[in-house]
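Number of protein chains: 4
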Amino acid sequence: MTERNIRVEALDRPAVDDQTVEIVERKGIGHPDSLCDGIAESVSRALAAAYLDRVGTILHYNTDETQLVAGNAAPAFGGGEMIEPIYILIVGRATSEYQGTKIPTEPIALRAARQYLDAHVPHLDVGTDVILDAKLGEGSGDLQDVFDDGSVPMANDTSFGVGHAPLSETEEIVLNTERRLNGEYAADNPELGADIKVMGKREGDRIDVTVAAAMIDAHIESLDAYTDAVDGVREYVTDLAREYTDREVEVRVNTADDYDEGSIYLTTTGTSAEQGDDGSVGRGNRANGLITPNRSMSMEATSGKNPVNHIGKLYNLLSTEIAESVVGEVDGIRDLRVRLVSRIGQPVDQPHVADVHVSTESGVAVGDVESEVGRIVDRELADLSDVTRRAVDGEITTF
Amino acid sequence: MTERNIRVEALDRPAVDDQTVEIVERKGIGHPDSLCDGIAESVSRALAAAYLDRVGTILHYNTDETQLVAGNAAPAFGGGEMIEPIYILIVGRATSEYQGTKIPTEPIALRAARQYLDAHVPHLDVGTDVILDAKLGEGSGDLQDVFDDGSVPMANDTSFGVGHAPLSETEEIVLNTERRLNGEYAADNPELGADIKVMGKREGDRIDVTVAAAMIDAHIESLDAYTDAVDGVREYVTDLAREYTDREVEVRVNTADDYDEGSIYLTTTGTSAEQGDDGSVGRGNRANGLITPNRSMSMEATSGKNPVNHIGKLYNLLSTEIAESVVGEVDGIRDLRVRLVSRIGQPVDQPHVADVHVSTESGVAVGDVESEVGRIVDRELADLSDVTRRAVDGEITTF
Amino acid sequence: MTERNIRVEALDRPAVDDQTVEIVERKGIGHPDSLCDGIAESVSRALAAAYLDRVGTILHYNTDETQLVAGNAAPAFGGGEMIEPIYILIVGRATSEYQGTKIPTEPIALRAARQYLDAHVPHLDVGTDVILDAKLGEGSGDLQDVFDDGSVPMANDTSFGVGHAPLSETEEIVLNTERRLNGEYAADNPELGADIKVMGKREGDRIDVTVAAAMIDAHIESLDAYTDAVDGVREYVTDLAREYTDREVEVRVNTADDYDEGSIYLTTTGTSAEQGDDGSVGRGNRANGLITPNRSMSMEATSGKNPVNHIGKLYNLLSTEIAESVVGEVDGIRDLRVRLVSRIGQPVDQPHVADVHVSTESGVAVGDVESEVGRIVDRELADLSDVTRRAVDGEITTF
Amino acid sequence: MTERNIRVEALDRPAVDDQTVEIVERKGIGHPDSLCDGIAESVSRALAAAYLDRVGTILHYNTDETQLVAGNAAPAFGGGEMIEPIYILIVGRATSEYQGTKIPTEPIALRAARQYLDAHVPHLDVGTDVILDAKLGEGSGDLQDVFDDGSVPMANDTSFGVGHAPLSETEEIVLNTERRLNGEYAADNPELGADIKVMGKREGDRIDVTVAAAMIDAHIESLDAYTDAVDGVREYVTDLAREYTDREVEVRVNTADDYDEGSIYLTTTGTSAEQGDDGSVGRGNRANGLITPNRSMSMEATSGKNPVNHIGKLYNLLSTEIAESVVGEVDGIRDLRVRLVSRIGQPVDQPHVADVHVSTESGVAVGDVESEVGRIVDRELADLSDVTRRAVDGEITTF
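Taken in order, these protein sequences are the chains called W, U, G and E.
Going by the working numbering, the letters in the first sequence line up with residues 1 to 399, in that order.
Going by the working numbering, the letters in the second sequence line up with residues 1 to 399, in that order.
Going by the working numbering, the letters in the third sequence line up with residues 1 to 399, in that order.
Going by the working numbering, the letters in the fourth sequence line up with residues 1 to 399, in that order.
Written out as structure tokens, the structure is:
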């Protein structure tokens, strides 16, 4: 274990659930920033799959820079239309030739992005409402090496990843509010668009949940239908929150609406990208799906990065995995933070620092769990290539 | 008739069929320049239709500036692929708001262009192999007036149109070679791509027809299959030419091929735009579908222009219509040229000059046909709005 | 001489000056189409110079596809401003690597274009009022060969060039009107912009010259100043025309103005590209600087093409050179047309057809000049590489 | 004070300087992400100034979305060159018309960006090495209101800002390393480029400072000169660090170099954007110039946002200002965190939460400073418009 430089210590702050004020945010999958994250990651996965398929190994690429320029729409009860298209520029680096084999990097990226948008924002007619463009260049020379010898890649940067577990109550509510609204609720309520932004604020034992949910005009015939839709979301989220907390919860939905002025959150496509909201990668959710100022966060954009050797991506995904594994396997942990720091030129599975800070439940000492925690960290680091594989296969979310 | 300033005179040169050397060219519908022409005109028609549908009148627009930047492909026997996408930028002017009604000009243009490409170059996967972009601005202020009072529009420029009839034998051969190859022949021979360039050169009574035809790799399994395909085109065109002339005809197909070097005209999509051939509007065929240096030509790009009031488009289409009508209705005409010149501020149906030059068959004097020709010109000018209507409906080709 | 297949015959139409109706047009250097021609040709020259400088030979390139998207301006007496920038996309093919030497093709192109605009449209602030973009790809594989063995290149296409001399009176007037307005007149009259479009129409012995001249608002303080400027141009052109003809001449300037409606041709930058007029290469003037429907014209865009081996460019420039040389050296020629037709795979200095059609002055027979004309054609063809050199050096204009 | 809902409490974690492991990073002004931040903020300031100048009030805009696509360069000892240009797309929203006055938003943005790059990366020849493009649309309707009545704007979102003071030793070192290298050191050592990335890692009492510094080839004649340059930076930073700490410090510079493979950090322009490193806004430094995973951070991109009413920008800038003021005015504070949370529709100077967490020096109780701290917070909130003014004037840095 020492070769991995793993340390387990007491957390130097209260568990998040015990702090007085807590703020949590999640930008839903239809938010312009999240759309960029999602495109970037889908492009990454498609490139990785293409490299594996064509040359048997994942070549150098990083596609973590999609830029979305908002369009212009004229939503209307019963169905409006887009007036000016959204413009999305896929940006990044990707190796286009390897030992004589050419890789159609931009066609692969364009197809992946289109399929992603078709799947997640079906009311957007890509090619009509969305202009998809791509600028994928080659990387700098020293990064074009291949990762094909089966050995562990070396860290190419001094980077940092951080993960946490378990989620606080507020975090659970915020994360699940968006996921379940965009899942089961939207399946039954087609008026709900994918652009759902959730902000949770807890002060002591009171949690305020603010939801901004884009409604889709084709399924909203009138202002009454709109208010019904808003009420439906509020009721659903209020019930949902009860599953995660006994604290007092108040849910507000689309608080910026002004019925008197006729200003409501009505959209044609279900995303605010249709009208004035630009977006880009890495500006929203961290790798665990949340923005959590109460917790240590990495600024690294995880989406779109190469999961073989981008140390920032690997360590953010892995530290989250480790945190969740520890909490799943070890009893008595109230809050836990895992930090991984790389050193240039050192194997990625041997971090420069791997420190775990633990807040235990009452009656449990850090020393009680230390060795078990350390063992899990060691195991997960040794299994780092599994994180790569699961990222390529889309089994791990990045935003 | 005098108010239309129509003059009928003897042609001041020999009929084209009687000239010693004649050169004729046609860029087929899959040629990069023709693709731009086709997109520009399809965008024009879609906008005109949308204006009529939404505000009852055709507003100001001109979309005659599509630019195509070639892609990169890796054709291969049995089926290759595109490596870098083609980039197509739709450029022009279009009114986006009228009396409070918004017109989604760019979405309309993007949809029309995609449908055009899907229909005419089906092996191109638009959105993956082609990036479609659009920059449609507003026109200059004084051009944003509407044409809605039923009156004849005024010419907004001093412009010029010219038309000819009948086609010479060489012209017939060149025009029909491309049209029938891209029609019935391609229907039976899926290996033939849409990018067919035909050059006809006649010296005296010998006609050389040179065809450059992009073959589609998915339907060509081997070099033998390729040479069979080339032979097939040559035989078909040789037979076809016999329908239009008794002169000696030699047909050559894909003369730039070099089998020894493995350099053949094999493509993945059927257009040279996939690999290094850029294109733009108005660089290829004139309004009658041909490039004819033996005849007077207008430099005006007809495709994409507004058919209500763009005087260059109207006069090029109309003069061709007139020429064909005269030849269809009046006997004894061997060659005929119609020229229309506008004057700014004058109604478009009252050209500044409308002169018709006629070469009659032996035994027929110009005086014999003068009045009948003049009457037809007058009638067609009076019916100018019919040209507009048919251009909007796609009944008239522009390239 | 026979190996060059040169034929000299009588012109099969009246000299242009003897035809009843003649139409001539020139788009001045500030016209959006001409700006694209000028940029394309300046990019071509810069690339040729860079290739010569860096690898000692001119590599494959063709940059004949610049696309201009108009901006938006708010001209005002005393000085207005641009509101939305013009967008210019430089498109083409250029070899970026040769035997290990990298050629910065896009930076070279961008610099050349900027310098061209700075020199010719100085009121345009490139980078603020103009967005300059570039997409230069590699050519298709079989065109990437080099032209470095000193031998005569082979024609890579069946192409056609045509030249004429001498200019008719109307042509002289149209050409010189624009050139001298943009030269000596503008030097003394800074209110005159570079976008000057001249249309000449001759009916019998009456010539109408219509000038559309963009005035620059910073130098026009009032409507009175504007009308003075218009009057100045009219007087200058009227005097100028007298130098070239004894026919009756009427000059009209900015006929689309409507003083009552306050609609005048006032600009901030001196080009209509600032407000709604898009442009592209090859849509305007032919290689001799004019659009002449009375004469045979090639549709080939000369500007931006490779002057070493692009047969269309070479033959258009050379046929014009030949025509001018013949008229300069041989007396008694009233009108002359030179046509050159290439055949794929044949040396470019051995055209498939080189026919010269001559209209002689009264008292001179074609037979009198035939051998001298033939000799000149032969000499000029043998000296074809001189055309390449002069095109590279910018000694030959292409539009 | 209560109406501002200000709370002062004990910090719930150790002061950062007392934590075991600390990680701090700063991306220097020449880093691709920082270039985007800098452009976005300079565009913001230019728009604000233009609005004030033209209509007397700052209209709605947000220009926080610049995307940089890396170029390609061929650095060489003594001076290399760029091979493919960098592409920079300025994205955002900006009001282009107000009460009949038009605002040239894109020209303003393009000029500001060019001036910014000229000032900060002078070896980049903007227009040749950099293509600057812009897509500024209008905002959504309900955001186009004006902020001109002198009243305090209302928060238009539920947002969050956080600030800290004083900087830890490691933070001081990281921040000043980049600032002083890019300042006085670069003034004397022109080989140092602006792209300087500094990572500080402290474990207990040992601080590792890792500097990646792009060297400019025109000022580096040989590998020896390069190693001298690297040594020079290391010595300078080592000395510099001594000014801020008594802890053990080790400085490493350009650790990714591999002299044997000839892989060194040599650039032509001083930024890695020249070769393979893309960038965008909000991906790097937080508002205080640092990335500090040990501290609470906001994900909000501060650069480019409207400083009048963008609550995320205001609260991030203001909370930092407050923290610094408190530390400057109140003795005995070892670490301090200020958090501001807004509520939609409430005046921006009345945050929903304004909590201050204080770690005091030994011998000082939180109660000793509570009222003084609260008074300062109240004063600064009341003076919020001063933050706006100073952001517009460029007196506050945002990254």
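For every residue, glycine included, the Cβ atom is placed at its ideal position computed from N, Cα and C.
From the options, residue whose alpha carbon lies closest to that of residue i
i: U/T300; options: U/H60, U/E3 and U/D64; result: Sequence check: residue 300 of chain U is Glu here, not Thr. Of the candidates U/H60, U/E3 and U/D64, the one whose C-alpha sits nearest the C-alpha of U/E300 is U/D64.
i: U/S151; options: U/G367, U/N309 and U/R179; result: U/N309
i: W/G279; options: W/I207, W/S34, W/A76 and W/V16; result: W/S34
i: G/V330; options: G/R337, G/H357, G/V348 and G/I376; result: G/I376
i: W/A214; options: W/N156, W/T360 and W/D257; result: W/D257
i: E/G226; options: E/L266, E/L318 and E/R339; result: Sequence inspection shows Tyr at residue 226 of chain E; the Gly mentioned does not correspond to that position. Here the closest residue by C-alpha is E/L266.
i: W/N294; options: E/T95, E/E3, E/R13 and E/G394; result: E/R13
i: E/L290; options: E/A94, E/E178, E/D228 and E/H120; result: E/E178
i: G/I6; options: G/D386, G/T397 and G/H352; result: G/H352
i: W/A112; options: W/G139, W/A50, W/S96 and W/L124; result: W/A50
Cβ neighbours of residue i in the same chain (closer than 7 Å, five flanking residues each side left out)
i: W/N182; result: G28, I29, A194 and I196
i: G/R180; result: L240
i: E/T245; result: E169, I173 and I207
i: G/G363; result: none
i: G/G394; result: R45
i: W/S325; result: I376 and E380
Nonlocal neighbours in the same chain, by C-beta distance under 6 Å from residue i, ignoring five residues either side
i: E/G78; result: E221
i: W/R202; result: E22 and T170
i: G/G284; result: K27, D33 and S34
i: U/Y259; result: none
i: W/V55; result: Y98 and T101
Chain G within 7 Å of residue i, Cβ atoms only
i: E/K102; result: yes
i: U/R334; result: no
Identity of the residues DSSP links to residue i by a beta bridge
i: G/M154; result: G/P347
i: G/Y61; result: G/A94
i: G/A213; result: G/I196
i: W/D335; result: W/S359
i: U/I400; result: The structure shown does not extend to residue 400 of chain U, since chain U is modelled only from 1 to 399, so the question has no answer here.
i: G/L340; result: G/G161 and G/A354
i: E/E203; result: E/V21 and E/R206
i: U/A10; result: U/V358
Residue-level contact to chain E via CB, residue i, 7 Å cutoff
i: W/V113; result: The sequence shown places Ala at residue 113 of chain W, rather than the Val named in the question. No, its Cβ sits nowhere closer than 7 Å to a Cβ of chain E.
Residue i CB to nearest heavy atom of the ligand ADP below 6 Å
i: G/V281; result: By its list of ligands, the structure shown contains no ligand whatsoever, and the ligand ADP lies outside what it can speak to.
Sequence-distant residues of the same chain with beta carbon closer than 8 Å to residue i, five excluded per side
i: E/T238; result: V249 and V251
i: U/R114; result: V126, G127 and L132
i: E/V392; result: R45, A48, A49, L52, I58 and P307
Min CB distance residue i to chain U below 7 Å
i: W/T128; result: yes
i: G/A225; result: no
Ignoring anything shorter than 3 residues or poking outside the segment 353-394 of chain E, list the beta strand (DSSP E) runs there in chain order. As for any beta strand (DSSP E) of minimum length 3 sitting wholly inside the segment 353-394 of chain E, the runs are 353-360, ordered along the chain.
Could you name each continuous beta strand (DSSP E) segment of 3 residues or more that falls completely within the segment 215-266 of chain W, going from the start of the chain to the end? 248-253, all fully within the segment 215-266 of chain W.
Mind pulling the alpha helix (DSSP H) runs of 4 or more residues that sit fully within the segment 110-134 of chain G? Secondary structure remark: continuous alpha helix (DSSP H) runs of at least 4 residues inside the segment 110-134 of chain G: none found.
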